[in-house]
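A.B. asks:
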Amino acid sequence: TWYEANYMGKWVPGFTVGIDLFYVVTENFIRADFVPPATFTMINSDEKVEGGGGEVWGQYQMTDTLRLLANYGFLQYHENGVANEASPKHKVNVGFLMNDPRYLSGALIYRFIDDTNWPFRGGPDASPEQQKYYSVDLLLTYLFTPNLGTRLEIYNLTDRKRRELPLLGEEIRREVVFTLTYRI
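Numbering of the sequence shown is given in our numbering, commencing with residue 1288 and proceeding in unit increments.
Shown next as structure tokens:
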């Protein structure tokens, strides 16, 4: 069962806000579990899982080409009445988006992800913790001509090391992608 409610409003010129809420009840929750001798696997839990959360977001058109964007998200799941903390409760994104369709477009985005505890049942570490972290991303696109352009994407600009999955995930560092595009 899934319920969702959304609202979007524009009360001031150039300013848009919204709120999204959800509530879910399921018995088909997929989660990680420890399987002897020393492996982790994804299993389908047949226990009742309830979850809920929401997001509040806003956007402000500062100029014709520059927007400020922000959102805050919250969610929480309970498995048989016990909090399942495998998903971060709090997430925040704030960024600037510049869009000049003639030449230069770009975005600078700050992301915060709250800590989590992975509820592995048994195993060497019954609840490995994923530390909270933040990341700053930069995206730039420049058109030299209508047929020739370039794109620079820098993820984790500050090079703060983190893992998406505790114990198992690879260490994530700065990633730089440069693309040169020529259209025929």
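Heads up, the beta-carbon is just placed ideally off N, CA and C, and yes, glycines get one too.
(1) Check the DSSP bridge columns for Ala1373 and list the partner residues they point to.
(2) At what residues does the beta strand (DSSP E) containing Phe1309 begin and finish?
(3) Determine the closest residue to Pro1300 out of Gln1348, Glu1291, Asp1307, Phe1309, with distance taken between C-alpha atoms.
(4) According to DSSP, Lys1378 sits in a beta bridge with which residue or residues?
(5) Can you tell me whether Gly1393 is helix, strand or coil according to DSSP?
(6) Would you tell me roughly how many angstroms separate the C-alpha atoms of Leu1430 and Ala1394, rounded to the nearest one?
(7) Taking Val1381 as the reference, give the member of Tyr1397, Glu1366, Asp1387 with the closest Cα.
(8) Looking at the structure shown, is Leu1426 part of a helix, part of a strand, or coil, going by DSSP?
(9) For the beta strand (DSSP E) containing Arg1438, name the first residue and the last one.
(10) CB His1365 to CB Glu1337, shorter than 9 Å?
C.D. replies: So, from the listed chains and residues:
(1) The partner list for Ala1373 (beta bridge, DSSP) is empty, contrary to what the question assumes.
(2) 1302-1313
(3) Gln1348
(4) Gly1360, Ile1400
(5) strand
(6) 15 Å
(7) Tyr1397
(8) strand
(9) 1435-1442
(10) yes
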